[in-house]
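What follows is one structure encoded as C-alpha cells, with my remarks underneath.
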Amino acid sequence: MIEYEHIAKSFVGKTVLQDVSFTVNKGELFVLVGPSGSGKTTLLKMFNRLVVPDDGNVYFNHKKIKDYDLQDLRLHTGYVLQDSSLFPNLNIEDNIGIQLEQQGMDRKQRHEIARQLLTKVDLDESYAKRMPNELSGGEQQRVGIVRALAAQPGVILMDESFSALDPVVRKQLQDLVLKIHHATATTILFVTHDMREALRMGDKIAVLKDGVLQQVGAPNDIILHPANAFVKNFFKGHGIQPDFDRLVCDVLGQRITNADAGSAVAMTSLTQLLAYFRDHDTDAVVCRLGSGDFRIQRDNVWNYLIRKEHENA
Numbered sequence: 001m002i003e004y005e006h007i008a009k010s011f012v013g014k015t016v017l018q019d020v021s022f023t024v025n026k027g028e029l030f031v032l033v034g035p036s037g038s039g040k041t042t043l044l045k046m047f048n049r050l051v052v053p054d055d056g057n058v059y060f061n062h063k064k065i066k067d068y069d070l071q072d073l074r075l076h077t078g079y080v081l082q083d084s085s086l087f088p089n090l091n092i093e094d095n096i097g098i099q100l101e102q103q104g105m106d107r108k109q110r111h112e113i114a115r116q117l118l119t120k121v122d123l124d125e126s127y128a129k130r131m132p133n134e135l136s137g138g139e140q141q142r143v144g145i146v147r148a149l150a151a152q153p154g155v156i157l158m159d160e161s162f163s164a165l166d167p168v169v170r171k172q173l174q175d176l177v178l179k180i181h182h183a184t185a186t187t188i189l190f191v192t193h194d195m196r197e198a199l200r201m202g203d204k205i206a207v208l209k210d211g212v213l214q215q216v217g218a219p220n221d222i223i224l225h226p227a228n229a230f231v232k233n234f235f236k237g238h239g240i241q242p243d244f245d246r247l248v249c250d251v252l253g254q255r256i257t258n259a260d261a262g263s264a265v266a267m268t269s270l271t272q273l274l275a276y277f278r279d280h281d282t283d284a285v286v287c288r289l290g291s292g293d294f295r296i297q298r299d300n301v302w303n304y305l306i307r308k309e310h311e312n313a
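Here UniProt numbering is used: the first residue of the sequence shown is 1, the next is one more, and so on.
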C-alpha cells in the first residue's frame with residue numbers, strides 16, 4: 001500500500017502541489033492524470049525520493065518513504081519512462097539484468113531470467129544479444145517493461161511510458177501492461193496526460209489540476225459522477241452516442257438466443273449500461289432490447305468510449 005498524506009511542494013516560489021492525499025492499494029494500477037504542469041510526475045518522483053515534499057509524507061506499507069534505505073528502495077522499485085533509458089553499451093539481456101546484478105545475482109541466472117522475461121513481451125531469445133540501437137521504439141519499450149519486472153519489484157513507476165509511440169504500438173503496449181498486471185498483481189503508479197489512456201489502464205484514477213487533487217475514483221465513477229466542472233470537461237464526449245439500440249446491435253453487443261428471462265436486463269441508454277457495470281462485479285451483461293437479447297462485454301464498452309473520446313478530441 002502507498003499513501004500520500006497532505007503533500008505540498010513548491011519550486012522557486014511556485015506552488016506545484018497543494019495538500020494532496022490519496023491511497024494506492026496493493027496490487028492496484030493507479031493512474032495520475034491531468035494537464036501538463038499539474039504535478040503528476042512530481043508526485044511519482046516522491047516515491048523514490050527524487051523529490052522531497054515540503055509538507056506531508058509518503059508511506060509504503062505503513063512506513064515513511066524517508067525512513068527506507070535509499071539504495072534498497074530504488075533497487076526494489078521498477079521504472080518505465082517515456083524514453084526506455086536502455087544503456088546503449090549493454091546488450092538486451094544485460095540491460096534487463098542490471099538490477100539483478102546490483103542485487104548480487106550471478107550472470108548465468110540473470111541471463112536465464114532475461115530470456116524468460118523476453119518471451120512474456122513477445123520478443124524471442126534472439127533479442128537477448130542485440131544492442132538497443134537495433135530495436136524499434138516499441139521494442140525498446142517492451143524491454144523497458146521487462147527490465148522493470150526483472151527484480152520482482154513491489155512497485156513499478158510508469159511516467160508517460162507510451163506517449164512517444166504511434167497509436168498502434170501504444171495500444172499494443174497498453175494491452176501488454178494490463179496482461180502482465182493481471183497476471184502478477186504488481187502495484188503500478190502510472191502517469192499520463194491522456195484521459196483515454198487513464199480510462200483504459202486504471203483500476204483507480206486521480207485527477208489533478210494545478211497541483212490540486214480534483215477527484216479519485218474508478219473510471220466509471222469519474223465518467224458518471226464527475227466531482228466538478230473541470231473533471232467533467234476533461235473527460236468530455238462520453239455523452240455523445242448514436243441511438244442506443246443501434247449502438248448495441250451494431251457495435252457493443254452480440255445477439256444471443258434463448259437467454260434466461262431472469263438473466264436479461266432491459267436498458268435504454270449508455271448511461272444505464274455504465275451504471276450497471278459500476279454496480280456489478282461482472283465482465284458481461286445480457287441486455288434486452290425490443291429487437292432481442294445481446295451479450296455486452298465490459299471491455300467492448302470501454303473500448304467504444306475510448307474511440308469516441310479520440311474522435312471528439
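Idealized CB from N, CA, C, for every residue including glycine.
Determine, using beta carbons only, whether residue 376 and Val-251 come nearer to each other than 8 Å. Residue 376 falls outside the range modelled here, since the chain spans only 1 to 313, and no answer is possible.
Would you tell me roughly how many angstroms separate the C-alpha atoms of Leu-274 and Lys-26, rounded to the nearest one? 26 Å
With distances taken between CB atoms, is the gap from Val-146 to Leu-117 smaller than 8 Å? yes
Please report the distance separating the alpha-carbon of Thr-119 from that of Phe-234. 38 Å
Using the DSSP secondary-structure output, state which residues sit across from Gly-217 in a beta bridge. Ile-205
Taking the alpha carbon of His-6 as the reference point, which residue from His-225, Leu-43, Gly-34, Phe-190 has its own alpha carbon closest? Leu-43
Would you mind listing the beta strand (DSSP E) stretches within the region 31 to 73 that are 3+ residues and don't spill past its ends, in chain order? 55 to 60
Measuring CB to CB, does Leu-32 end up less than 8 Å from Ala-218? no
Is the beta carbon of Leu-270 less than 8 Å from the beta carbon of Phe-244? yes
Whole angstroms are fine: how far does the CA of Asp-279 sit from the CA of Asp-67? 40 Å
Assign Thr-192 to one of three DSSP states: helix, strand, or coil. strand
Mind checking who Ser-10 pairs with in its DSSP beta bridge? Thr-15
Got a sec: does the ligand MG put a non-hydrogen atom nearer than 7 Å to the Cβ of Ala-185? This structure lacks the ligand MG; in fact it carries no ligand of any kind.
Beta-carbon spacing of Tyr-79, Ala-8 below 8 Å: no
Pick out whichever of Ile-222, Pro-53, Gly-34 has its Cα sitting closest to the Cα of Gln-18. Pro-53
Give the secondary structure of Ile-113 by DSSP, where H, G and I count as helix, E and B as strand, and everything else as coil. helix
Please check if any C-beta of chain B sits within less than 8 Å of the C-beta of Gly-137. Looking for chain B here will not work: only one protein chain is present.
Once the 5 residues before and after Asp-210 are set aside, which same chain residues still bring their CB inside 7 Å of it? Ser-38
Name the residue from Asp-83, Ser-21, Lys-14, Phe-294 whose alpha carbon lies nearest to the alpha carbon of Val-216. Ser-21
In three-state terms, what does DSSP make of Leu-173? helix
Determine the extent of the alpha helix (DSSP H) in which Thr-271 is found, giving its start and end residues. 270 to 279
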